[in-house]
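Structure first, commentary second.
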Amino acid sequence: NAFGGNHAGLFAGNLLIDPAGSYMGVRGEDASWQGPTLADYARYQTLDGTNIRLYRFRLQPQAFAQVEQRIRASGFTPPLFCAVAVQNLLEGVSPFDSIERVGWTSPTALGRILDTLTQGEAAAGECQKLDATSC
5 NAFGGNHAGL FAGNLLIDPA GSYMGVRGED ASWQGPTLAD YARYQTLDGT
55 NIRLYRFRLQ PQAFAQVEQR IRASGFTPPL FCAVAVQNLL EGVSPFDSIE
105 RVGWTSPTAL GRILDTLTQG EAAAGECQKL DATSC
């Protein structure tokens with residue numbers, strides 16, 4: 005895929021934020037569309053290539069509520085700032101305590117940070133490819 009990765013988005017339960025993305029607008033044009041799902045969102049992203057990584061984390065209720073509130077309060081994201089938006093939504097929330105607020109990052113750089121949280125015995129989450137194999 006493209007240098008720096010193509011895109012970063014975030015689901016919190018059924019709530020999706022697709023910062024600087026086209027998914028909601030394009031899919032919303034289909035009158036039969038039932039709303040965003042992870043499977044549909046991942047499938048849509050294959051338009052830019054199949055090198056897609058899905059990170060899954062289980063959060064404590066308070067941390068989940070904090071991320072959900074941040075998503076609902078988020079505003080417009082300019083083009084090329086999708087990973088910045090996602091990283092800043094996660095910043096400081098457990099298990100993302102080590103993630104810092106940034107002014108710029110790429111989807112690939114954000115992926116490297118998330119990779120550290122999905123490895124080893126103390127992994128806080130997991131990373132899967134589209135075919136459900138581990139990253």
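Just so you know, we're using my numbering here: the sequence shown kicks off at 5 and counts up by one. Virtual Cβ for every residue (Gly too), placed ideally from N, Cα, C.
Taking all protein chains shown into account, L20 has 16 or more neighbouring C-beta atoms within 10 Å of its C-beta and is therefore buried. Rounded to the nearest angstrom, the gap between the Cα atoms of T112 and A89 is 14 Å.
According to the DSSP assignment, G129 belongs to the beta strand (DSSP E) that extends over G129 to K133.
When secondary structure is reduced to three states using DSSP, A126 falls in the coil class, being assigned neither helix nor strand. Classified as exposed, A127 has fewer than 16 neighbouring CB atoms from the shown chains inside 10 Å of its CB.
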